[in-house]
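Residue numbers (my numbering): 40 to 216.
So the structure is just underneath, and the comments pick up after that.
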Amino acid sequence: EESAAGFRMAPHLIPSYIPVRVVEKILFVGEAVRIFQRRNVTVVDSSTAVPLLTKTAADSHLNAGQVKFNAVFSQLERQPLFQLREFEGAVDDIRDHVAKHLWKLLVEESNLVRHLNTIKDFFLLGRGELFQVFVDLSSPFMWLPPSPTTQHDVNAMFKLAMMKVSVCVLLMLPHSP
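Spelled out as structure tokens, the structure:
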């Protein structure tokens, strides 16, 4: 079944001879393929109305794998009896193939490590800017006795500090084309 959040397993539709672990691998492949399809949306140049293809060498390698796996499943289909071990082996091969390309897309092409480091620096006070700005903004309130609005005031100062730091962080990040 497909929902807004993605694919999910419908246990009553799974044949009894296919283990849940295999179905979970198939779900992983389906989600990964969905990500690849979203990434490869054809962009049309508005001035010439010519489709601009943004496929990389990795995409053509992924398509070559698709041809190979189609052949494997065609061979499995021609067998007189269902062979679970061979079926699961083919699913494992597809999962491995897709996982490598997903890694390349998410970690290498999207520069996931840089984004995670930025998030870590910001939220976990990796460089201390958020804490420093918060202390500077809230220090006048810290000398006052607590009042009914103290919690609201401190929360507002923290939000303001987050906004100031995030603007600085966005200005420091290299802009992607």
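No residue lacks a Cβ here, since even glycine has one placed at the ideal position from N, Cα and C.
C-alpha distance - residue i paired with residue j, whole-angstrom precision
| i | j | result |
| --- | --- | --- |
| V146 | V152 | 7 Å |
| M201 | F162 | 9 Å |
| V193 | V172 | 13 Å |
| K203 | F67 | 39 Å |
| F46 | V130 | 17 Å |
| W182 | Q190 | 14 Å |
| R60 | I74 | 21 Å |
| E125 | I53 | 18 Å |
| N102 | S149 | 20 Å |
| R77 | A71 | 10 Å |
| A1 | R117 | Past the edges of the chain, shown from 40 to 216, lies residue 1, and the structure says nothing about it. |
| L120 | H154 | 49 Å |
| S186 | V174 | 19 Å |
CB-CB length for residue i against residue j, believed under 8 Å
| i | j | result |
| --- | --- | --- |
| F180 | M196 | 7 Å |
| L176 | L199 | 6 Å |
Spatially closest choice to residue i from the options, by CA coordinates
| i | options | result |
| --- | --- | --- |
| L115 | G128, L176, L183 | G128 |
| K64 | I74, P119, D135, G104 | D135 |
| V137 | E125, L120, Q105 | Q105 |
| P58 | Q122, H154, T157, K139 | Q122 |
| T157 | S205, M48, Y56, V62 | S205 |
| F108 | L120, P50, Y56, D132 | D132 |
Which ranges would you report for the beta strand (DSSP E) in the stretch 105 to 189 if only whole runs of at least 3 residues count? Note on the stretch 105 to 189: there is no whole beta strand (DSSP E) run with a minimum of 3 residues.
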